[in-house]
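Asker:
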Amino acid sequence: MYKNLSLLLLDDLFDLELVAGLTQCEKGNYLDSMVDRQQGMSGYMLQLTTFGTGIIFDGKHSFSTHRGQLLLFTPSAVQHYHRHPESQYWHYKWIYFLPNPKWNKWLNWSNMEEKIGRITIGDDRYFQEISQLFSKIEVELKSSKFFKEDVATSLLEYLLMKSISAEKIEVIPVIDQRILNVCDLILTNLAKNDSLEALAKKVFLSPSRLSHLFKQSLGIGLVQWREVQRISEAKKLLYFSNISISNIAKSLGYEDSLYFSKIFKKHTALSPSKFRTLERCKNNEM
1 MYKNLSLLLL DDLFDLELVA GLTQCEKGNY LDSMVDRQQG MSGYMLQLTT FGTGIIFDGK
61 HSFSTHRGQL LLFTPSAVQH YHRHPESQYW HYKWIYFLPN PKWNKWLNWS NMEEKIGRIT
121 IGDDRYFQEI SQLFSKIEVE LKSSKFFKED VATSLLEYLL MKSISAEKIE VIPVIDQRIL
181 NVCDLILTNL AKNDSLEALA KKVFLSPSRL SHLFKQSLGI GLVQWREVQR ISEAKKLLYF
241 SNISISNIAK SLGYEDSLYF SKIFKKHTAL SPSKFRTLER CKNNEM
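Under UniProt numbering, residues 1 to 286 are what the sequence shown spells out, in order.
#1: For Val228, count neighbouring C-beta atoms within 10 Å of its own C-beta (all shown protein chains included) and say buried if the count is 16 or more, exposed if not.
#2: Pick from Leu237, Leu46, Asn242, Ser241: whose alpha carbon is nearest that of Phe264?
#3: Within its chain, find whatever has a CB closer than 6 Å to the CB of Glu279; leave out the 5 residues flanking it on each side and keep chain order.
#4: To the nearest angstrom, how far is the alpha carbon of Pro99 from that of Ala249?
#5: Secondary structure at Ile55, three-state DSSP: helix, strand or coil?
#6: Please name the residue or residues paired with Cys25 in a DSSP beta bridge.
#7: Taking Leu22 as the reference, which of Ser87, Leu133, Glu86, Asn104 has the closest Cα?
#8: Once DSSP output is grouped into helix, strand and coil, what is the label at His84?
#9: What is the residue span of the beta strand (DSSP E) that Asp36 lies within?
#10: What is the DSSP secondary structure of Val78, reduced to helix, strand or coil?
#11: Could you pull out every residue in the same chain whose Cβ sits closer than 6 Å to the Cβ of Arg226, ignoring the five residues on either side in sequence?
#12: Please report the residue range of the alpha helix (DSSP H) in which Arg230 lies.
#13: Report the rounded CA-to-CA distance for Lys136 versus Asn247, giving the unit in angstroms.
#14: Buried or exposed for Gln128, please, with buried defined as at least 16 other CB atoms from any protein chain shown within 10 angstroms of its CB.
#15: Just to confirm before moving on: does the CB-CB distance between Glu233 and Leu270 stay below 8 Å?
#16: Rounded to whole angstroms, what's the CA-CA distance from Lys60 to His80? Just pull it up for me.
#17: In terms of alpha-carbon separation, which member of Ile164, Val19, Ser273, Cys25 lies closest to Met41?
#18: Going by DSSP in three states, Phe48 sits in which element: helix, strand or coil?
#19: Cutting at 6 Å between CB atoms, please list the residues of its own chain near Asn111, excluding the five before and the five after it.
#20: Taking Phe73 as part of the beta strand (DSSP E), name the residues at either end of that continuous run.
#21: Between which two residues does the beta strand (DSSP E) harbouring Phe63 extend?
#22: Determine the direct distance from the alpha carbon of Val139 to that of Asn193, and round the result to whole angstroms.
#23: Beta strand (DSSP E) containing Ile116: first to last residue?
#24: Helix, strand or coil for Val203 per DSSP?
#25: If you measure between the beta carbons of Ala166 and Leu70, is that distance less than 8 Å?
#26: What residue from Tyr92, Ile175, Glu157 has the CA that sits closest to Arg67's CA?
#27: When you compare the CB positions of His82 and Met161, do they come within less than 8 Å of one another, or not?
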């Protein structure tokens with residue numbers, strides 16, 4: 001159930017399962033007011049600051065929130081926030097939702113104080129990806145599509161997974177830029193089967209040095225990492241699209257669809273067709 005709202009202030013939101021929006025507080029405008037829910041809400045609230053500065057009071061302490069600050073208000077967490085008086089603006093995206101029980105592992109953030117999870121997204125590309133997911137969920141809910149709630153829920157599930165990944169990124173040691181460049185080269189075109197030698201040449205390393213640095217940095221070999229990325233992308237294509245399995249295989253660098261199915265089953269214990277059927281059935285049961 002969805003309502004098109006620009007400001008999350010209404011009591012009837014307690015009865016909704018999934019709501020998303022953008023609040024643009026600007027000094028003196030009609031949205032420039034305080035949200036004060038001392039008893040919290042019955043569901044969860046994700047909030048991402050995209051511009052300006054806000055002030056959050058968690059029941060004991062106040063703290064500022066800036067661009068890239070991602071907050072998770074758990075049920076019954078105090079929700080008391082407003083634009084910072086020294087900032088002309090505070091824009092934030094938000095999603096209110098009642099979770100599926102299987103999402104618990106993605107709602108257990110390590111940095112949780114006074115029932116409010118806190119993640120700072122410092123990487124700009126990651127911030128853009130998270131921000132776009134918020135927007136996609138809002139757009140989907142506003143659409144007239146028959147399965148809009150199902151699609152929005154699937155996007156929310158993905159957003160929660162990405163949020164947990166962002167939290168882990170904050171504590172990972174700095175990775176050699178050459179390794180990051182290799183990752184970018186691979187992700188830019190997953191269908192391309194560049195050899196270790198070809199990739200090493202592009203970042204001015206010997207193949208043996210690249211192989212050693214890659215495994216040291218990411219804990220997995222380069223070829224294996226590329227395979228994991230391909231299978232991850234395959235899962236999304238199988239779930240979100242109706243592209244044939246043979247075409248998915250080709251788009252990910254596997255000319256032989258039977259070999260692709262073998263690799264996919266090695267990672268998931270399911271054939272691609274079985275995975276597509278089961279995952280879509282799970283979503284229909286939500």
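We treat Cβ as the ideally placed atom computed from N, Cα and C, and that holds for glycine. The model shown is predicted, which means the values in this text are computed figures rather than measured ones.
Answerer: Straight from the coordinates:
#1: Only exposed fits Val228, as fewer than 16 other CB atoms lie within 10 angstroms of its CB.
#2: Leu237
#3: Tyr239
#4: If you take the alpha carbons of Pro99 and Ala249, they lie about 33 Å apart.
#5: strand
#6: Trp90
#7: Closest option to Leu22, Cα to Cα, is Leu133.
#8: coil
#9: 35-37
#10: coil
#11: Ile186
#12: 222-240
#13: 26 Å
#14: Gln128 should be labelled exposed.
#15: no
#16: 11 Å
#17: Val19
#18: Sequence inspection shows Leu at residue 48; the Phe mentioned does not correspond to that position. In the structure shown, Leu48 sits in a strand (DSSP, three-state: E or B).
#19: Arg118
#20: 69-73
#21: 62-65
#22: About 36 Å.
#23: 116-120
#24: coil
#25: yes
#26: Tyr92
#27: no
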